[in-house]
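J.: Residue numbers (full-length UniProt numbering): 1 to 213. We treat Cβ as the ideally placed atom computed from N, Cα and C, and that holds for glycine. Note that this is a predicted model, so its numbers are computed, not measured. Quick one: this structure, given as structure tokens, is what I'll be asking you about.
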Amino acid sequence: MRYLIIASLLLILSAGCKKDNFEKPKSTLSGRVVYDKNALGLRSNGVQVELWQHGYALFSKIPVYVGQNGAFSAILFDGDYKLVLRQGNGPWLDNADSIDVKVSGATNVDITVKPYFIITNASFTKSGTQLTATVSVQQVNNNLPLEAVNLYIGNTNIVDQVNSIRSVSAKPDISGAFTMQLTLPADAAYFARVGVKTAGVAEQVYSEIKEVK
Numbered sequence: 001m002r003y004l005i006i007a008s009l010l011l012i013l014s015a016g017c018k019k020d021n022f023e024k025p026k027s028t029l030s031g032r033v034v035y036d037k038n039a040l041g042l043r044s045n046g047v048q049v050e051l052w053q054h055g056y057a058l059f060s061k062i063p064v065y066v067g068q069n070g071a072f073s074a075i076l077f078d079g080d081y082k083l084v085l086r087q088g089n090g091p092w093l094d095n096a097d098s099i100d101v102k103v104s105g106a107t108n109v110d111i112t113v114k115p116y117f118i119i120t121n122a123s124f125t126k127s128g129t130q131l132t133a134t135v136s137v138q139q140v141n142n143n144l145p146l147e148a149v150n151l152y153i154g155n156t157n158i159v160d161q162v163n164s165i166r167s168v169s170a171k172p173d174i175s176g177a178f179t180m181q182l183t184l185p186a187d188a189a190y191f192a193r194v195g196v197k198t199a200g201v202a203e204q205v206y207s208e209i210k211e212v213k
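Below is the structure:
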């Protein structure tokens, strides 16, 4: 009986050591969602990329959210992965093609997409409680029409259709630069951003976020 107890304790200690020595993922896969080599402005954690790895009994996706600056990052084990965008999840034409990625240490890969619209530039000026945005919008493909251009403001540097305190919408002629105006809640500093909404598409393409004082 005494020997059985000692043997059981040794087995428990051995299992505990194996658990403690379990290797954690150490490699980093990072990248951007780009058009014409430029990262697209997106809603914070609104767009998701998926990583898939074959060769294991449990074959399931590894979801990775894209930040508002179009960048994403994940800590992974070294190995071969397939990187795909979720269908119908972004403000661009769907593409079912996957990207083969070999992760080894620090690995970088960009995902090229074809958005419906892009913002070529945006500037913001403040006078008292009046905010004026000047923006240019370019249609990249004609598959879907423009629904609206939206001006958002927020109290933090995360601003989009979900994270904002005030907004105004317009459906302008996008053949040239145009202006939009919004009355601020008070004469104070805010963060501003313009989003372009495509008809029938939930997510928008955004300009860079700017602090207006």
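Comparing alpha-carbon positions, which option in Gly70, Pro115, Val109 and Ala74 lies nearest Lys61?
T.: Locating residue 61 in the sequence shown gives position 61, counting from the first residue. When each option's Cα is compared against that of Lys61, the closest is Ala74.
J.: Span of the beta strand (DSSP E) holding Gly31?
T.: For the purposes of this step, residue 31 is taken as the residue at position 31 of the sequence shown. Taken as a continuous stretch (DSSP letters only), the beta strand (DSSP E) holding Gly31 covers Ser27 to Tyr35.
J.: Going by Cα to Cα distance, which pick from Ser30, Val135 and Lys102 is closest to Gly176?
T.: If you number the sequence shown from 1, residue 176 lands on position 176. The candidate whose alpha carbon is nearest that of Gly176 is Val135.
J.: Quick test of your reading: Val33 and Val159, contact by CB under 8 angstroms. State the CB separation rounded to the nearest angstrom.
T.: Translated into the one-based positions of the sequence shown, residue 33 becomes position 33. Translated into the one-based positions of the sequence shown, residue 159 becomes position 159. With a Cβ gap of about 18 angstroms, Val33 and Val159 do not count as contacting.
J.: Output the distance between the C-alpha atoms of Val212 and Ala186, rounded to the nearest integer angstrom.
T.: The residue labelled residue 212 in the question sits at position 212 within the sequence shown. The residue labelled residue 186 in the question sits at position 186 within the sequence shown. The alpha-carbon atoms of Val212 and Ala186 are separated by roughly 12 angstroms.
J.: I need the DSSP call for Lys102, collapsed to helix, strand or coil.
T.: To locate residue 102, count along the sequence shown from 1; it is residue 102. Residue state, collapsed to three classes: strand.
J.: Inspect the CB distances between the segment 122-142 and the segment 104-113 and report whether three or more fall short of 8 angstroms.
T.: Cβ pair count under 8 angstroms is below three, so no.
J.: State buried or exposed for Gly195, treating a residue as buried only when at least 16 other CB atoms are found within 10 Å of its CB.
T.: By one-based count along the sequence shown, residue 195 stands at place 195. That one is buried.
J.: With burial defined as no fewer than 16 other Cβ atoms inside 10 Å of the residue's Cβ, what is the status of Ser8: buried or exposed?
T.: Translated into positions along the sequence shown, residue 8 becomes position 8. Unreliable placement is indicated for Ser8, whose pLDDT of 42 sits below 50; the coordinate value is still reported in the next sentence. Exposed.
J.: Shortest alpha-carbon distance to Tyr206 belongs to which of Leu85, Phe72 and Thr120?
T.: Here residue 206 corresponds to residue number 206 of the sequence shown, with the count starting at 1. Ranking Leu85, Phe72 and Thr120 by Cα distance to Tyr206 puts Thr120 first.
J.: Consult DSSP for Glu147 and reduce its assignment to one of helix, strand or coil.
T.: Position 147 of the sequence shown holds residue 147. Note: Glu147 maps to strand in three-state DSSP.
J.: By the 10 Å Cβ neighbour count, where 16 or more other Cβ atoms means buried, how is Glu203 classified, buried or exposed?
T.: As a first step, residue 203 is located in the sequence shown; it is residue number 203 there, counting from the start. Buried, because 16 or more other Cβ atoms sit within 10 Å of the Cβ of Glu203.
J.: Which residues mark the beginning and the end of the beta strand (DSSP E) in which Lys213 is found?
T.: Taking the first residue of the sequence shown as position 1, residue 213 is located at position 213. Counting along the chain, Lys213 falls outside any beta strand (DSSP E), and DSSP gives it neither H nor E.
J.: Closest to Gln130 by CA distance: which of Ser104, Thr28, Ile153 and Glu23 is it?
T.: Taking the sequence shown and counting its residues from 1, one reaches residue 130 at position 130. Gln130 has its Cα closest to that of Ile153, out of Ser104, Thr28, Ile153 and Glu23.
J.: Taking contact to mean 3 or more Cβ pairs, one atom from each stretch, closer than 8 angstroms, check whether the segment 63-74 and the segment 27-47 are in contact.
T.: Flag = yes, the segment 63-74 and the segment 27-47 touch.
J.: Can you list, in chain order, the residues of its chain whose CB lies under 6 angstroms from that of Arg193, leaving out five sequence neighbours each side?
T.: Locating residue 193 in the sequence shown gives position 193, counting from the first residue. Cβ neighbours of Arg193 beyond the five flanking positions: Tyr152, Val159, Tyr206, Ser207 and Ile209.
J.: How many angstroms separate the CA atom of Asp36 from the CA atom of Gly90?
T.: Indexing the sequence shown from 1 puts residue 36 at position 36. Indexing the sequence shown from 1 puts residue 90 at position 90. Spanning the two alpha carbons is a distance of roughly 16 angstroms.
J.: With a floor of 3 residues, list each beta strand (DSSP E) that falls wholly inside the segment 70-148, ordered by position along the chain.
T.: You should have 71-76, 79-85, 99-103, 106-108, 117-127 and 130-139.
J.: Count the other CB atoms, across all protein chains shown, that sit within 10 Å of the CB of Thr198; report buried if there are 16 or more and exposed otherwise.
T.: Taking the first residue of the sequence shown as 1, we reach residue 198 at position 198. The residue in question, Thr198, is buried, as its Cβ has 16 or more Cβ neighbours within 10 Å.
J.: Quick check on this structure: which residue in Leu184, Gln181, Asn157 and Asp94 has the alpha carbon closest to the alpha carbon of Val201?
T.: Walking along the sequence shown from the start, residue 201 turns up at place 201. Considering only alpha carbons, the answer is Asp94.
J.: With DSSP collapsed to three states, give me the class of Thr156.
T.: The residue given as residue 156 occupies position 156 in the sequence shown. Thr156 falls in the coil class under three-state DSSP.
J.: How big is the Cα-Cα spacing for Ile99 and Arg86?
T.: Here residue 99 refers to the residue found at position 99 of the sequence shown. Here residue 86 refers to the residue found at position 86 of the sequence shown. For Ile99 and Arg86, the distance between alpha carbons rounds to 13 angstroms.
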